[in-house]
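Right, one structure below, let's go through it.
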Amino acid sequence: MRSTLPYDPRSDVLRGTSWIERIGRRAIVATATLRALLGTLKDAIASDFAPGASARKLVHGIMLTQVMFTGVQALSLVSAIATLIGASIIIQTNMMMPADGELIGRVLVAVVLRELAPLITAIVVAGRSGTAIATELGNMKVNSEVLALSSLGVDPLRYVVLPRMVGCVVSVVALMIYFSIVSLTAAFTIGIVASGSSLSSFQQGVAGSVTPHDLLLFLAKGLGLGTIVGWLSCHFGLEVKSSPTEVPQQASRAVVMSLLGCVVYNTALTAGFYWLVGPPLPAP
Numbered sequence: 027m028r029s030t031l032p033y034d035p036r037s038d039v040l041r042g043t044s045w046i047e048r049i050g051r052r053a054i055v056a057t058a059t060l061r062a063l064l065g066t067l068k069d070a071i072a073s074d075f076a077p078g079a080s081a082r083k084l085v086h087g088i089m090l091t092q093v094m095f096t097g098v099q100a101l102s103l104v105s106a107i108a109t110l111i112g113a114s115i116i117i118q119t120n121m122m123m124p125a126d127g128e129l130i131g132r133v134l135v136a137v138v139l140r141e142l143a144p145l146i147t148a149i150v151v152a153g154r155s156g157t158a159i160a161t162e163l164g165n166m167k168v169n170s171e172v173l174a175l176s177s178l179g180v181d182p183l184r185y186v187v188l189p190r191m192v193g194c195v196v197s198v199v200a201l202m203i204y205f206s207i208v209s210l211t212a213a214f215t216i217g218i219v220a221s222g223s224s225l226s227s228f229q230q231g232v233a234g235s236v237t238p239h240d241l242l243l244f245l246a247k248g249l250g251l252g253t254i255v256g257w258l259s260c261h262f263g264l265e266v267k268s269s270p271t272e273v274p275q276q277a278s279r280a281v282v283m284s285l286l287g288c289v290v291y292n293t294a295l296t297a298g299f300y301w302l303v304g305p306p307l308p309a310p
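All residue numbers for the sequence shown refer to my numbering, where the first residue is 27 and numbers rise by one.
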């Protein structure tokens, strides 16, 4: 009896190939993708050093617009998420460590300041602004707007990519600070009302746990995560060729790769931090 399965042209290519060959092909594709990503990042950064004071002013104006869209317009969403997370953490810790405000403050630093504030902020920016950036740039490619800029002597990387990358970096760092303040404030308020702990004990726990290493880690995560989101969103948006159907595909790919990159980067920095500095909750 003859098979009724549809013909797959890839089967002829893959049939007879060893697993080593398949891994090699995927490695070649991954290497080419990485080279393209690094090329986009390098060229975008180098474009800011090109001559032209008037062009630089225009680019800075676009950066401010991107910060407004990515950062300011996301404040309400970040506020809600930060408040709920702060409340959830304080409820859980009060059940395990009742009336120990200082230790709860140390837990909040380890969980909110070092981990959740950077990662959740990056996820919000990637899901909200990363999609918009990739879609916008993809539509520009489809409508030949990027080609038109090049024809007019305007560097698309300087005019299109760089402002969005910088806007994402500034927005992620600012939203991380805002997230931490809102989340800690919500946790303090609920903790004082629910457990009767004093505000001073919370403050002592937080102040005693925050070190210069924490601030350096916080800044490194903000700069790195913001760069990853803006960089990958712009790159995959510009990967659109000519078909409108490619735009949602590349936008989805941009968000997925941004989230993956953010998680990997955040995990690597956290592991390195604890390996160099020590455990997150040192003995009082």
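A virtual CB, placed ideally from N, CA and C, is assigned to each residue, including glycine.
Bear in mind the structure is a predicted one, so any value in this text is a computation, not a measurement.
{"query": "Would you kindly check if the distance between the Cβ of residue 143 and the Cβ of residue 262 is under 8 Å?", "result": "no"}
{"query": "Nearest by alpha-carbon distance to residue 245: which of 212, 287, 206, 169 is it?", "result": "206"}
{"query": "Apart from the five residues just before and just after residue 291, which ones in its own chain have a Cβ nearer than 7 Å to its Cβ?", "result": "250, 251, 254"}
{"query": "Does the beta-carbon distance from residue 50 to residue 200 come in below 8 Å?", "result": "no"}
{"query": "Note down, in chain order, each residue of its chain lying with its Cβ closer than 6 Å to the Cβ of residue 209, except the 5 sequence neighbours on either side.", "result": "108, 111, 112, 138"}
{"query": "Is the beta carbon of residue 220 closer than 8 Å to that of residue 120?", "result": "yes"}
{"query": "I think residue 276 touches residue 193, with their Cβ atoms under 8 Å apart; what is that distance to the nearest whole Å?", "result": "Rounded, the Cβ-Cβ distance is 20 Å, inconsistent with contact."}
{"query": "Going by Cα to Cα distance, which pick from 256, 115, 106 is closest to residue 148?", "result": "256"}
{"query": "Could you check whether residue 89 and residue 189 sit closer than 8 Å to each other, using their CB atoms as the reference points?", "result": "yes"}
{"query": "Taking residue 156 as the reference, give the member of 272, 259, 136, 293 with the closest Cα.", "result": "259"}
{"query": "Would you kindly work out how many angstroms separate the C-alpha atoms of residue 217 and residue 234, rounded to a whole number?", "result": "18 Å"}
{"query": "Cα separation between residue 116 and residue 279?", "result": "36 Å"}
{"query": "Is it the case that the CB of residue 118 approaches a heavy atom of the ligand SAH more closely than 7 Å?", "result": "As far as ligands go, the structure on display features none, and thus does not contain the ligand SAH."}
{"query": "Of the choices 204, 302, 228, whose alpha-carbon is the least far from that of residue 214?", "result": "228"}
{"query": "Apart from the five residues just before and just after residue 92, which ones in its own chain have a Cβ nearer than 6 Å to its Cβ?", "result": "189, 190, 193"}
{"query": "The alpha helix (DSSP H) spanning residue 272 covers which residue range?", "result": "272–303"}
{"query": "Between which residues of its own chain and residue 105 is the CB-CB distance below 7 Å, once the five residues before and five after are set aside?", "result": "208"}
{"query": "Whole-angstrom Cβ separation of residue 152 and residue 285, contact assumed at under 8 Å?", "result": "6 Å"}
{"query": "Where are the alpha helix (DSSP H) runs, 4 residues long or more, that stay fully inside the stretch 74–148, in chain order?", "result": "79–96, 101–122, 127–134"}
{"query": "With a threshold of 8 Å on Cβ separation, who are the neighbours of residue 299 within its own chain once the five nearest residues in sequence on each side are excluded?", "result": "140, 239, 243"}
{"query": "What is the DSSP secondary structure of residue 310, reduced to helix, strand or coil?", "result": "Because the pLDDT of residue 310 is 48, which lies under 50, any placement of that residue in the model is unreliable, and the number read from its coordinates should be weighed accordingly. Residue state, collapsed to three classes: coil."}
{"query": "Please report the straight-line C-alpha distance between residue 195 and residue 52, rounded to a whole angstrom.", "result": "31 Å"}
{"query": "My understanding is that residue 145 touches residue 288, with C-beta atoms under 8 Å, so please give their C-beta distance in whole angstroms.", "result": "7 Å"}
{"query": "To which residues of the same chain is residue 202 closer than 8 Å at the C-beta, ignoring the five residues directly before and after it?", "result": "143, 144, 147, 244, 247, 248"}
{"query": "Please tell me whether residue 172 and residue 182 are closer than 8 Å, where the distance is taken between their beta carbons.", "result": "yes"}
{"query": "Assuming residue 169 is part of the alpha helix (DSSP H), what are its boundary residues?", "result": "Per DSSP, residue 169 belongs to no alpha helix (DSSP H) and is neither H nor E."}
{"query": "Classify residue 134: buried if its beta carbon has 16 or more other beta carbons within 10 angstroms, exposed otherwise.", "result": "buried"}
{"query": "For residue 270, collect the residues of the same chain with a Cβ closer than 7 Å to its Cβ; drop the 5 residues on either side in sequence, then sort them by chain order.", "result": "168"}
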